[in-house]
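> Using the numbering used here, the first residue of the sequence shown is number 480, and each one after it goes up by one.
Handing you a structure now.
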Amino acid sequence: MVIYKIKENSNKEIESIYKKALKQLEKFYGFKLEREPNIIVIKDREQLKTLVREGADWIKGFSFSYLNSIFILNKKSLTKSKRISKKTDYEGLIKHELSHQFYHQLSSKSIPAWLSEGTALYTDGRLKYQKEPEIFTNFLNFEKNEVGKEVYKESGFAVEFLVNKFGKQKLLELIKECKNIKSPQEFKDKFEKIYKFEMNYENFNKLYKG
Ligand SMILES: [Zn+2]
């Protein structure tokens, strides 16, 4: 058991990243957040371990709409990889979690996970550092709101493909419709109604490389 005391803090770097990201996301989603979220900085992975049930070794942040808060790992605790700098990753992380807040205001849920994560990935600016799949084989498995590394592999590219091929408005329409969707089948029907093709890998791949 750990007791934390929340204390207000000022951080010029986060403030400036946040402001820029907020503007860009307002433009993408086409609306403003009803309430701007709190940003809670997690000191290190040890502290993160006390906050999540699993994924403490790879999670860098998370967003809670009902807490009106996003949690991000301290910049110092991010590890630098060859493909992506710490600075870029940090900006992307803040933008990613902030994007989830916009998404949630539009859809009021985070399912299917591939659409929710895919949209956050597409909007956070880090997709270009990720390996693009040759063909789609796994993102549709992520219907429910499960946390796991696998969901990040293809989802961002699937959303990018939908935006490039069919435009942003259709994507926003689909996200908004999630509010009223009660089952995976209902989602599939809604998808087909909006995109005029059945939601399966065969159709995605045909259009993806075509
Ligand atoms: Zn996310």
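Cβ atoms here follow ideal geometry from the backbone N, Cα and C, with glycine treated the same way.
#1: Ligand 1: which residues have Cβ under 6 Å from any of its heavy atoms, chain order?
#2: Provide the residue span of the alpha helix (DSSP H) that contains I493, from first to last.
#3: Just list the alpha helix (DSSP H) runs in the region 639-681, keeping only unbroken ones of 4 residues or longer that don't cross its boundaries, in chain order.
#4: Alpha carbons only, please: which of K506, I519, E505 is nearest the one belonging to N488?
#5: Grab the span of the beta strand (DSSP E) containing F550 for me, first residue to last.
#6: Measuring alpha carbon to alpha carbon, tell me which of G646, V642, F666, V630 ends up nearest G534.
#7: Within 10 angstroms of the Cβ of S560, are there 16 or more other Cβ atoms? Answer buried if so, exposed if not.
#8: Got a sec, what are the start and stop residues for the alpha helix (DSSP H) G627 sits in?
#9: Run through DSSP, which three-state label would N617 get?
#10: Going by CA-CA distance only, name the one from K528, S662, D523 that's closest to M480.
#11: As a quick exercise: from N659, C657, L686, N620, pick the residue whose alpha carbon is nearest that of F645.
#12: In angstroms, rounded to a whole number, what distance separates the CA positions of K632 and R514?
#13: So which of E677, R605, K669 has the shortest CA-CA distance to L572?
#14: Taking the alpha helix (DSSP H) that G540 falls in, what are its first and last residues?
#15: Find the nearest neighbour of Y569 within the set I590, K539, T598, A592, judged by alpha-carbon distance.
#16: From this set, G597, F615, F621, which residue's C-alpha is nearest G635's C-alpha?
#17: Is P516 near ligand 2, with its Cβ less than 6 Å from a heavy atom?
#18: May I ask which residues mark the beginning and end of the beta strand (DSSP E) holding I485?
#19: If you draw a straight line from the C-alpha of K647 to the C-alpha of D668, how long is it?
#20: Tell me the rounded alpha-carbon separation between Y508 and L501.
#21: Can you name, in chain order, every residue of its own chain whose Cβ lies under 6 Å from the Cβ of N659, other than the five neighbours on each side?
Looking at the atomic coordinates:
#1: H575, H579, E596, A599
#2: 491-508
#3: 647-656, 663-674
#4: I519
#5: 548-552
#6: V630
#7: exposed
#8: First-last for G627: undefined, no H or E at that position.
#9: coil
#10: K528
#11: L686
#12: 31 Å
#13: R605
#14: Careful: G540 lies outside any alpha helix (DSSP H), inside the beta strand (DSSP E) at 540-543.
#15: K539
#16: G597
#17: Ligand 2 is not among the ligands present in this structure, which contains only ligand 1.
#18: Note, I485: premise wrong, no beta strand (DSSP E); not H, not E.
#19: 19 Å
#20: 10 Å
#21: none
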